[in-house]
Amino acid sequence: MDNGNLSSIRLLDALRTAVGDGQLKVYYQPRVDIRTGDVVGAEALLRWSHPTLGSISPAAFIPIAEETGLILPIGEWTLRQACAQAAAWRTAGFDRLVVSVNLSPRQFAQGDVVDTVWSILRETELPPQQLELEITESITMDVESAIATLNRLKRLGVRISVDDFGTGYSSLSYLKRFPLHTLKIDKTFIRECTKDENDATIVRTIIAMAHNLNLRVVAEGVETKEQLVFLQRHLCDEAQGFLFQRPVPPEELVEQLEELPAIVTKLGVGAAFTE
Ligand code: C2E
Ligand code: MG
Ligand code: MG
Ligand code: MG
Numbered sequence: 001m002d003n004g005n006l007s008s009i010r011l012l013d014a015l016r017t018a019v020g021d022g023q024l025k026v027y028y029q030p031r032v033d034i035r036t037g038d039v040v041g042a043e044a045l046l047r048w049s050h051p052t053l054g055s056i057s058p059a060a061f062i063p064i065a066e067e068t069g070l071i072l073p074i075g076e077w078t079l080r081q082a083c084a085q086a087a088a089w090r091t092a093g094f095d096r097l098v099v100s101v102n103l104s105p106r107q108f109a110q111g112d113v114v115d116t117v118w119s120i121l122r123e124t125e126l127p128p129q130q131l132e133l134e135i136t137e138s139i140t141m142d143v144e145s146a147i148a149t150l151n152r153l154k155r156l157g158v159r160i161s162v163d164d165f166g167t168g169y170s171s172l173s174y175l176k177r178f179p180l181h182t183l184k185i186d187k188t189f190i191r192e193c194t195k196d197e198n199d200a201t202i203v204r205t206i207i208a209m210a211h212n213l214n215l216r217v218v219a220e221g222v223e224t225k226e227q228l229v230f231l232q233r234h235l236c237d238e239a240q241g242f243l244f245q246r247p248v249p250p251e252e253l254v255e256q257l258e259e260l261p262a263i264v265t266k267l268g269v270g271a272a273f274t275e
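For the sequence shown, the positions run 1 to 275 when UniProt numbering is used.
In structure tokens:
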């Protein structure tokens, strides 16, 4: 169905009942270490399946949730689900998987965000090192308070990544001041990186800059083998994308954990490092 035709009011109305009705689900997309082929983590991504409207994309409902503040209960629910899932994987023996969860600017600006994260970690008994929070450059609207919040989150032991890196308007100086762990290169740069010289330069430059700042770097939206080889050649650390796996329900991710290294090997990952 064409979500574009739905009025936001109708969508908002439907969204209010979605959590309580069990219409929201958290899917997971593997993050692959492109040097070894290992799945090192998974990003939690919301999926909404409405009984009559069908499936509605996060691109359609997250902005409405953000505008209205509904993102607060929804975001907290998602964080709890993802941490509980990572704790369950841990119990099942996958004890190094890092789950990454998108934190919206509104959630980040909530005065109690650090307490919320802390109590969810305690409740789910997930070690903080196994949680990564994805923020966007837009949180830099109020730099000083953002730094204070990030430092408190860092002290909890969770990792922080900057999502969609390169698409925001923030100054590069915050990279130095924020206690970050990871940069995620936005998929719009990856899409043409093997065809467009400018995109190639941007991707190479972000990787080099991240490494010089001691940050880990992840490429988002990797769809082709050529893109993967490009990223390996330029020493990107991790990749995420349809080439490996679409976001899937948690049960399917576990199947993938066992199958992906073989799939990645077939794609030629690792070959770049043994040649
Ligand atoms: P994002 O955080 O940048 O997530 C990555 C998006 O790229 C996901 O879209 C994912 O399905 C998509 N993707 C992954 N691999 C590929 C690929 O190879 N090619 C292409 N074209 N796309 C790929 P999705 O799931 O539709 O989510 C869209 C955005 O909605 C997310 O972008 C994120 O900003 C937001 N979102 C999703 N779940 C949550 C959530 O729980 N909380 C918040 N605050 N935002 C969320
Ligand atoms: Mg993300
Ligand atoms: Mg995001
Ligand atoms: Mg992104």
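In this text, a Cβ means the ideal position worked out from N, Cα and C, and glycines have one as well. Since we're looking at a predicted model, the values are computed, not measured.
Q | Endpoints, the beta strand (DSSP E) within which His50 is located | A | Along the sequence shown, read from residue 1 onward, the residue named residue 50 stands at position 50. Per DSSP, His50 is one residue of the beta strand (DSSP E) stretching across 39-50.
**Q.** Assigned secondary structure, Tyr174 (DSSP; H/G/I helix, E/B strand, else coil)
**A.** The sequence position of residue 174 within the sequence shown is 174, counting from 1. The answer is helix: DSSP assigns Tyr174 an H, G or I state.
Q | Inter-stretch contact at 8 Å, needing at least 3 Cβ pairs: the region 114-126 / the region 73-92 | A | When C-beta atoms of the region 114-126 are compared with those of the region 73-92, three or more pairs fall below 8 Å, so the two segments count as touching.
Q) What do you reckon, is the C-beta of Asp186 under 7 Å from a heavy atom of ligand 2? A) Numbered from 1 along the sequence shown, position 186 holds the residue referred to as residue 186. Every heavy atom of ligand 2 is 7 Å or more from the Cβ of Asp186, so no.
Q) Applying the criterion that 16 or more other CB atoms from any shown protein chain within 10 Å of the CB defines a buried residue, is Tyr169 buried or exposed? A) On the sequence shown, position 169 is the one that residue 169 refers to. Result: exposed.
**Q.** Euclidean distance between Cα positions of Leu235 and Ile207
**A.** Along the sequence shown, one-based indexing puts residue 235 at 235. Along the sequence shown, one-based indexing puts residue 207 at 207. Approximately 7 Å, taken between the alpha carbons.
(Q) Could you tell me the alpha carbon to alpha carbon distance between Leu70 and Val117, rounded to whole angstroms? (A) Here the question's residue 70 lines up with position 70 in the sequence shown. Here the question's residue 117 lines up with position 117 in the sequence shown. Cα to Cα, the separation comes out at about 18 Å.
Q) Rounded to a whole number of angstroms, what is the C-alpha to C-alpha distance between Glu125 and Lys195? A) Residue 125 sits at position 125 when you count from the first residue of the sequence shown. Residue 195 sits at position 195 when you count from the first residue of the sequence shown. Their Cα atoms are separated by approximately 45 Å.
Q. Should Gln245 and Gln227 be called a contact, given that it needs their Cβ atoms to be closer than 8 Å?
A. As a position in the sequence shown, residue 245 is number 245, starting the count at 1. As a position in the sequence shown, residue 227 is number 227, starting the count at 1. Taking 8 Å as the Cβ cut-off, Gln245 and Gln227 do not qualify as a contacting pair.
Q) When a residue counts only if its C-beta is closer than 6 Å to some heavy atom of ligand 2, which residues count, in chain order? A) Listed by chain position, these are Glu43, Asn102, Glu134, Asp163.
Q.
With three or more beta-carbon pairs closer than 8 Å as the criterion, would you say the region 146-158 touches the region 184-198?
A. No: fewer than three Cβ pairs fall under 8 Å.
Q) Which word fits Pro247, buried or exposed, when buried means at least 16 other C-beta atoms lie within 10 angstroms of its C-beta? A) Sequence index remark: in the sequence shown, residue 247 carries index 247 (1-based). Pro247 should be labelled buried.
Q: Identify which residue in Tyr27, Arg90, Phe61 has its Cα closest to the Cα of Gln129.
A: Within the sequence shown, the letter at position 129 stands for residue 129. The residue with the shortest Cα to Cα distance from Gln129 is Arg90.
Q: Would you kindly check if the distance between the Cβ of Arg31 and the Cβ of Glu238 is under 8 Å?
A: Taking the first residue of the sequence shown as position 1, residue 238 is located at position 238. Taking the first residue of the sequence shown as position 1, residue 31 is located at position 31. Yes; because the gap between Cβ atoms is below 8 Å, this pair is in contact.
Q.
Give me, in chain order, the residues of the same chain whose beta-carbon lies closer than 7 Å to that of Pro179; leave out the 5 immediate sequence neighbours on both sides.
A. Here residue 179 refers to the residue found at position 179 of the sequence shown. In the same chain as Pro179, and ignoring 5 residues on each side of it, the C-beta atoms closer than 7 Å to its own belong to Leu150, Asn151, Lys154, Ile160, in chain order.
Q | Straight-line Cα distance separating Gly54 from Leu72 | A | As a position in the sequence shown, residue 72 is number 72, starting the count at 1. As a position in the sequence shown, residue 54 is number 54, starting the count at 1. Between Leu72 and Gly54, the C-alpha separation is close to 23 Å.
Q.
Strictly by DSSP, which residues pair up with Ala219?
A. Sequence index remark: in the sequence shown, residue 219 carries index 219 (1-based). Answer is Ile185, Ala239.
Q.
What does DSSP give as the partner residue(s) for Asp33 in the beta ladder?
A. The residue labelled residue 33 in the question sits at position 33 within the sequence shown. Asp33 is bridged to Glu238.
**Q.** With 16 other Cβ atoms within 10 Å as the buried cut-off, status of Gly93
**A.** Residue 93 sits at position 93 when you count from the first residue of the sequence shown. When all chains shown are included, Gly93 counts as exposed.
Q: May I ask you to report which of helix, strand or coil DSSP gives Lys266?
A: Against the sequence shown, residue 266 aligns to sequence position 266. The three-state secondary structure of Lys266, taken from DSSP, is helix.
**Q.** Which of helix, strand or coil DSSP assigns to Glu134
**A.** Position 134 of the sequence shown, counting from 1, holds the residue named residue 134. It is a strand residue.
(Q) Measuring only from the beta carbon, is Glu238 closer than 7 Å to any heavy atom that is part of ligand 4? (A) Walking along the sequence shown from the start, residue 238 turns up at place 238. Incorrect: Glu238 has no Cβ contact closer than 7 Å to ligand 4.
(Q) Could you check whether the region 14-30 touches the region 210-218, counting it as contact only if at least three pairs of C-beta atoms, one from each stretch, sit closer than 8 Å? (A) Judged by Cβ distances under 8 Å, the region 14-30 makes no contact with the region 210-218, as fewer than three pairs qualify.
Q) When burial is assigned at 16 or more other CB atoms within 10 Å of the CB, is Ile56 buried or exposed? A) Numbered from its first residue, the sequence shown carries residue 56 at position 56. Burial call: buried.
Q.
Quick check: the Cα distance between Pro249 and Tyr28, rounded to an integer number of angstroms?
A. Position 249 of the sequence shown, counting from 1, holds the residue named residue 249. Position 28 of the sequence shown, counting from 1, holds the residue named residue 28. Taking the straight line from one Cα to the other gives about 6 Å.
(Q) Quick check on DSSP: helix, strand or coil for Lys25? (A) As a working note, residue 25 is residue 25 in the sequence shown. Correct three-state label for Lys25: strand.
Q.
Let me make sure I understand the geometry here. Which of Leu213, Thr36, Arg47, Glu43 has the alpha-carbon closest to that of Gly22?
A. As a working note, residue 22 is residue 22 in the sequence shown. Distance check between Gly22 and each of Leu213, Thr36, Arg47, Glu43 places Arg47 closest, using alpha-carbon atoms only.
Q) Between the Cα of Ser104 and the Cα atoms of Asp163, Ala262, Phe242, which residue gives the shortest distance? A) In the sequence shown, residue 104 corresponds to position 104, counting from 1. Selected option, being the one with the closest Cα: Asp163.
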